[in-house]
Amino acid sequence: MAETFTGGSYTKTVLTEDTTFYRGYGGDAKQVGSYMSRIPQNGGIQSQIDLALKPEWGNTTEYVTEVTVPKGTVIYEGTAALQILNEEIGGTGQLIGGGNQVYCPWEELNPKWFGK
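Numbering of the sequence shown is given in the numbering used here, commencing with residue 36 and proceeding in unit increments.
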């Protein structure tokens, strides 16, 4: 998980109030998932660039859902790390990342938080 944050740096926080985040999904990525953002997403290519979503991960970000995470939940927050495209063949480019990224461990997620 740390490698998905710029420089492996993130902040662990316990939410002090119910908080709304946004998750882009589509393709192989489902509506319910551990990665989201504080920043409202427009989806599509802009979300893929800001969040450095490699095509091979299968998240087309065609859809965006609101995620209301309740107070008391532990989240990890930072900026999305740069990702190298086609790394297995020496790299053919990069996705810069830099967008706000929030991670909530799968075992903490409740599907009822998504799609409000």
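Beta carbons are placed, not taken as given, at the ideal position from N, Cα and C, and that holds for glycine.
Item: Could you give the distance in angstroms between the alpha-carbon of Ile119 and the alpha-carbon of Lys89?; Value: 8 Å
Item: Would you mind giving the Cβ-Cβ distance between Gly134 and Thr114, rounded to the nearest angstrom? I have them listed as a contact below 8 Å.; Value: 7 Å
Item: In this structure, does DSSP put Ile131 in helix, strand or coil?; Value: coil
Item: Would you report the Cα separation of Gly61 and Gly125, rounded to the nearest angstrom?; Value: 27 Å
Item: For Arg58, which option in Asn121, Ala37, Ile131 and Val104 has the closest C-alpha, if you only look at C-alpha atoms?; Value: Val104
Item: Hey, quick one: how far does the beta strand (DSSP E) through Ile84 stretch, first residue to last?; Value: Segment Gly79 to Asp85 is the alpha helix (DSSP H) holding Ile84; no beta strand (DSSP E) there.
Item: Take Asp85 as the anchor and find which of Asn145, Gly107, Trp148 and Phe40 has the nearest alpha-carbon.; Value: Phe40
Item: Report the rounded CA-to-CA distance for Val67 versus Thr46, giving the unit in angstroms.; Value: 22 Å
Item: Specify the secondary structure class of Gly43 as computed by DSSP and reduced to three states.; Value: helix
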